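Here is the structure we will look at.
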Amino acid sequence: MDVTISIADDTHLQYAEEISVLMAEAAKARGTGIAERSAEYLRQKIHQGKAVIATRGTQLAGFCYIESWGHEQYVANSGLIVHPDFRRTGLAKNIKKKIFELSKKKYPHAKIFGITTSLAVMKINSELGYKPVTFSELTNDDSFWLGCKSCQNYDILQRTTRSHCLCTGMLYDPNREKQTNGNGRRWQRFKNFLKRNPTKKFKDDK
Ligand SMILES: CC(C)(COP(=O)(O)OP(=O)(O)OC[C@H]1O[C@@H](n2cnc3c(N)ncnc32)[C@H](O)[C@@H]1OP(=O)(O)O)[C@@H](O)C(=O)NCCC(=O)NCCS
Numbered sequence: 115m116d117v118t119i120s121i122a123d124d125t126h127l128q129y130a131e132e133i134s135v136l137m138a139e140a141a142k143a144r145g146t147g148i149a150e151r152s153a154e155y156l157r158q159k160i161h162q163g164k165a166v167i168a169t170r171g172t173q174l175a176g177f178c179y180i181e182s183w184g185h186e187q188y189v190a191n192s193g194l195i196v197h198p199d200f201r202r203t204g205l206a207k208n209i210k211k212k213i214f215e216l217s218k219k220k221y222p223h224a225k226i227f228g229i230t231t232s233l234a235v236m237k238i239n240s241e242l243g244y245k246p247v248t249f250s251e252l253t254n255d256d257s258f259w260l261g262c263k264s265c266q267n268y269d270i271l272q273r274t275t276r277s278h279c280l281c282t283g284m285l286y287d288p289n290r291e292k293q294t295n296g297n298g299r300r301w302q303r304f305k306n307f308l309k310r311n312p313t314k315k316f317k318d319d320k
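Straight run, no breaks: the sequence shown in my numbering ends on number 320.
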């Protein structure tokens, strides 16, 4: 049976407990970089339509949710988890794509960011257009950083007054993306023009 990836709704509230346990187990197994979330918190995300869930039949396969910070100027796609039975099949990549599109639709002007120690997540984020940044480029909303409290490296973050920790910050800036696409389009128009006018001479041509 195929895995279905959908925007979570109230029919998925039943999975909140299992997702919370999966997150806690993954945090324990890796020992770093995963903030734990209560089932109640996940239920809120599901109910608000701010989560993506992957299932195969009635079996939970993966999950991720959206958080917004700093008066919705920043959005994070957090809590990415794939059930061990479904790992290394590209599922995290597809869940992330879906939540990334949902985030852009819900918050078209927000910068989308994440902090992670996971190579898999870094690879996925890079493909989506995120760039690595220092923490200074991320939201300074206290409530975001308080989410790190359940991570065992929280003391490092506190010691460095939130400027460094073991996670890498990654950011997708829609404004930068628009500029890049704008330049790309101008360059494409120029190339099309040259194709149509192959003998055109320019000022500096000899
Ligand atoms: C991290 C996690 C979500 C990856 O899920 P997944 O479905 O196995 O990932 P994908 O199959 O989509 O792989 C995406 C890419 O990462 C790579 N990758 C996956 N797991 C990896 C690992 N453990 N180490 C290194 N690379 C890994 C894949 O090879 C793939 O790379 P490619 O684009 O070069 O082919 C999953 O292992 C997990 O739930 N871990 C525990 C929770 C966690 O660490 N969450 C992230 C918190 S920030």
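Note that beta-carbon positions come from the ideal geometry of N, C-alpha and C, so glycine has one too.
Keep in mind that this is a model prediction, so the values were computed, not measured.
On a CA-only basis, which of the options is nearest residue i? Give me that one, please.
| i | options | result |
| --- | --- | --- |
| Lys245 | Leu260, Pro288 and Leu271 | Pro288 |
| Ala143 | Asn191, Ile195, Thr275 and Lys309 | Ile195 |
| Leu285 | Ala234, Gln266 and Thr253 | Thr253 |
| Ala190 | Thr230, Glu139, Lys207 and Arg202 | Thr230 |
| Ala206 | Thr125, Ala141 and Val117 | Val117 |
| Ile121 | Ala153, Ala149 and Tyr179 | Tyr179 |
| Thr125 | Thr282, Gly243, Glu139 and Ile167 | Ile167 |
| Gly283 | Ala153, Glu186 and Ser192 | Ser192 |
| Gln187 | Thr274, Gly176 and Lys218 | Lys218 |
| Lys263 | Gly204, Ala141 and Ala149 | Ala149 |
| Arg290 | Gly243, His197 and Arg202 | Gly243 |
Does the Cβ of residue i have 16 or more other Cβ atoms within 10 Å, making it buried, or fewer, making it exposed?
| i | result |
| --- | --- |
| Gly171 | exposed |
| Leu156 | buried |
| Phe227 | buried |
| Gly163 | exposed |
| Arg151 | buried |
| Phe307 | exposed |
| Ser257 | exposed |
| Ser277 | exposed |
| Lys225 | buried |
| Thr275 | exposed |
| Thr169 | buried |
Please report how far the alpha carbon of residue i lies from the alpha carbon of residue j, in whole angstroms.
| i | j | result |
| --- | --- | --- |
| Lys305 | Lys317 | 17 Å |
| Gly184 | Glu215 | 20 Å |
| Val135 | Arg303 | 53 Å |
| Pro222 | Leu260 | 25 Å |
| Val247 | Ile238 | 16 Å |
| Ile209 | Lys292 | 24 Å |
| Asp255 | Lys314 | 54 Å |
| Glu241 | Glu131 | 31 Å |
| Lys159 | Arg310 | 53 Å |
| Tyr129 | Asp123 | 11 Å |
| Leu321 | Glu251 | Only positions 115 to 320 of the chain appear in the structure, and residue 321 is not among them; the question remains open. |
| Leu174 | Glu181 | 21 Å |
| Met137 | Arg300 | 45 Å |
| Phe177 | Pro312 | 53 Å |
| Lys211 | Lys220 | 14 Å |
| Glu154 | Ala165 | 14 Å |
| Arg201 | Cys279 | 27 Å |
| Thr203 | Glu139 | 20 Å |
For residue i, list the residues DSSP reports as bridge partners.
| i | result |
| --- | --- |
| Gly228 | Met284 |
| Tyr188 | Trp183 and Lys225 |
| Cys178 | Val166 |
| Lys245 | Leu285 |
| Ser120 | Ile167 |
| Val196 | Gly176 |
What whole-angstrom Cβ distance do residue i and residue j have, given they're in contact under 8 Å?
| i | j | result |
| --- | --- | --- |
| Gly145 | Gln266 | 7 Å |
Kindly indicate if chain B contains any beta-carbon less than 8 Å away from that of residue i.
| i | result |
| --- | --- |
| Thr169 | Looking for chain B here will not work: only one protein chain is present. |
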